[in-house]
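Take a look at the structure set out below.
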């Protein structure tokens, strides 16, 4: 696929739905840059404190700011403030004001919301296996409520990537 695209794309959704793989694949297809999820570097498992999640959130948002300032032709984000907002809300029952503010001021982007149709893969950082569809609906409602452009990505393997590329074309008006 030799594609051309000029935008920032955030891949969001419940855990174990292929976000990292898809974000990396989009960066490859579009010859763009990829910003990984900082939580994967910082947290070892599901035993973490609220303060640790604040550290992760602030670092993720700082890295995102630097990434956006670099102005990549296409930037593929493997998580962003939407994921952080859902994480805080679900795990701690509130959302820090700095995340809400970030979502209000963030650079324009398109969202790809990953549907939970992939087989669950164990990972020591994953904690919500039985909640995937409920969390998907939370993400979908949040994206709609915030007025963000998004498309749902479904399928396995290459079909999932094709779904994402087709969705981006549609959202781009092509």
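Numbering (our numbering), first residue to last: 3 to 176. Positions of the beta carbon are idealized from the N, C-alpha and C atoms, including for glycine.
Given this structure, state the Cα-to-Cα distance separating residue 3 from residue 73, to the nearest angstrom. Because residue 3 carries a pLDDT of 40, less than 50, the predicted location of this residue cannot be relied on, and the following value inherits that uncertainty. Each residue's alpha carbon lies about 23 Å from the other.
Residue nearest to residue 30 in terms of C-alpha spacing, selected from 21, 61, 76 and 12: A check of alpha carbon separations from residue 30 across 21, 61, 76 and 12 identifies 76 as the nearest.
The beta strand (DSSP E) that contains residue 9, what's its start and end? Residues 9-14.
Residue 64 versus residue 12: straight-line alpha-carbon distance, rounded: Here the alpha carbons of residue 12 and residue 64 stand approximately 15 Å from one another.
Straight-line Cα distance separating residue 15 from residue 152: Annotation: residue 152 to residue 15 spans about 11 Å, alpha carbon to alpha carbon.
Please determine, among 50, 164 and 155, the residue with the shortest C-alpha to C-alpha distance to residue 21. Nearest C-alpha to residue 21: 155.
Rounded straight-line distance, which links the Cα of residue 121 to that of residue 82: C-alpha separation (whole angstroms): 24 Å.
Between the segment 128-143 and the segment 24-41, do three or more beta carbon pairs fall short of 8 Å? Too few Cβ pairs lie closer than 8 Å, so no.
Alpha-carbon spacing of residue 171 relative to residue 158, whole angstroms: Each residue's CA atom was taken as its position, placing residue 171 and residue 158 some 19 Å apart.
Sequence-distant residues of the same chain with beta carbon closer than 6 Å to residue 62, five excluded per side: Only 40 meet the Cβ criterion.
Return helix, strand or coil for residue 78, following the three-state DSSP convention. The three-state reading of DSSP puts residue 78 in strand, counting E and B together.
Between residue 1 and residue 25, is the Cβ-Cβ spacing less than 8 Å? Here the chain covers residues 3 to 176 and nothing more, so residue 1 does not appear.
Could you check if residue 99 is buried or exposed, using at least 16 other CB atoms within 10 Å of its CB as the buried criterion? Looking at its Cβ environment, which holds fewer than 16 other Cβ atoms inside 10 Å, residue 99 is exposed.
Burial state of residue 166 (16 or more Cβ within 10 Å): A residue is called buried once 16 or more other Cβ atoms fall within 10 Å of its Cβ, and residue 166 is buried on that count.
In chain order, what residues of the same chain lie with their CB nearer than 6 Å to the CB of residue 145, ignoring the 5 residues before and after it? Closer than 6 Å at Cβ, skipping near neighbours: 113 and 152.
Exposure of residue 174, with buried meaning 16 or more beta-carbon neighbours within 10 Å: Exposure of residue 174 is indicated by the presence of fewer than 16 other C-beta atoms within 10 angstroms of its C-beta.
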